[in-house]
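Below is one structure; the comments refer to it alone.
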Amino acid sequence: MKRICYAAAPVAGSLNSIAHAEIDARAIAFNCRNCHAESQPGSESSIPSLENLSAQQIRQALLDFKYDKKPATLMPRLAKGYSDAELAAVAEYLNRN
Numbered sequence: 001m002k003r004i005c006y007a008a009a010p011v012a013g014s015l016n017s018i019a020h021a022e023i024d025a026r027a028i029a030f031n032c033r034n035c036h037a038e039s040q041p042g043s044e045s046s047i048p049s050l051e052n053l054s055a056q057q058i059r060q061a062l063l064d065f066k067y068d069k070k071p072a073t074l075m076p077r078l079a080k081g082y083s084d085a086e087l088a089a090v091a092e093y094l095n096r097n
């Protein structure tokens, strides 16, 4: 007879969702870095680097793009493809890594 600990089930589900959120944030961040790579000395680019921005600054910019509060050519279309929670998660990930 198998015994199941039902008290642990919500915790296991929460840990699983945390792991998925981290993987999703990493995948989104990979896409961000395609354009927003670290700045190279002496290079001039119209695409800003994300390296010196806080998680809150990144999150707010992404939300501003998503809700058409900040004009741009590509970023509003990209930001609209993610939930607010995904944008917050990627902002945290970019700030840590």
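If you're matching positions, the sequence shown starts at 1 in full-length UniProt numbering and goes up one per residue.
Positions of the beta carbon are idealized from the N, C-alpha and C atoms, including for glycine.
According to DSSP, is Ala85 part of a helix, a strand, or is it coil?
Along the sequence shown, one-based indexing puts residue 85 at 85. Ala85: helix per DSSP, three-state reduction.
For Gln56 and Thr73, what's the separation of their Cα atoms in angstroms?
Taking the sequence shown and counting its residues from 1, one reaches residue 56 at position 56. Taking the sequence shown and counting its residues from 1, one reaches residue 73 at position 73. Roughly 22 Å between the two C-alpha positions.
So what's Asn34 in DSSP terms, helix, strand or just coil?
Position 34 of the sequence shown, counting from 1, holds the residue named residue 34. Correct three-state label for Asn34: helix.
Do Ala79 and Lys66 come within 7 Å of each other at the CB atom, strictly closer than that value?
On the sequence shown, residue 66 is found 66 positions in, with the first residue counted as 1. On the sequence shown, residue 79 is found 79 positions in, with the first residue counted as 1. It is a contact, given that the beta carbons lie within the stated cut-off.
From Asp84 to Val90, what distance separates their C-alpha atoms?
What you label residue 84 is simply residue 84 of the sequence shown in a count that begins at 1. What you label residue 90 is simply residue 90 of the sequence shown in a count that begins at 1. Distance between the alpha carbons of Asp84 and Val90: 10 Å.
Would you mind sorting Arg96 into buried or exposed? The rule is 16 or more other CB atoms within 10 Å of its CB.
Numbered from its first residue, the sequence shown carries residue 96 at position 96. Exposed: under 16 other Cβ atoms inside 10 Å.
Looking at the structure shown, is Glu92 part of a helix, part of a strand, or coil, going by DSSP?
Locating residue 92 in the sequence shown gives position 92, where the first residue counts as 1. Of the three classes helix, strand and coil, the one that applies to Glu92 here is helix, per DSSP.
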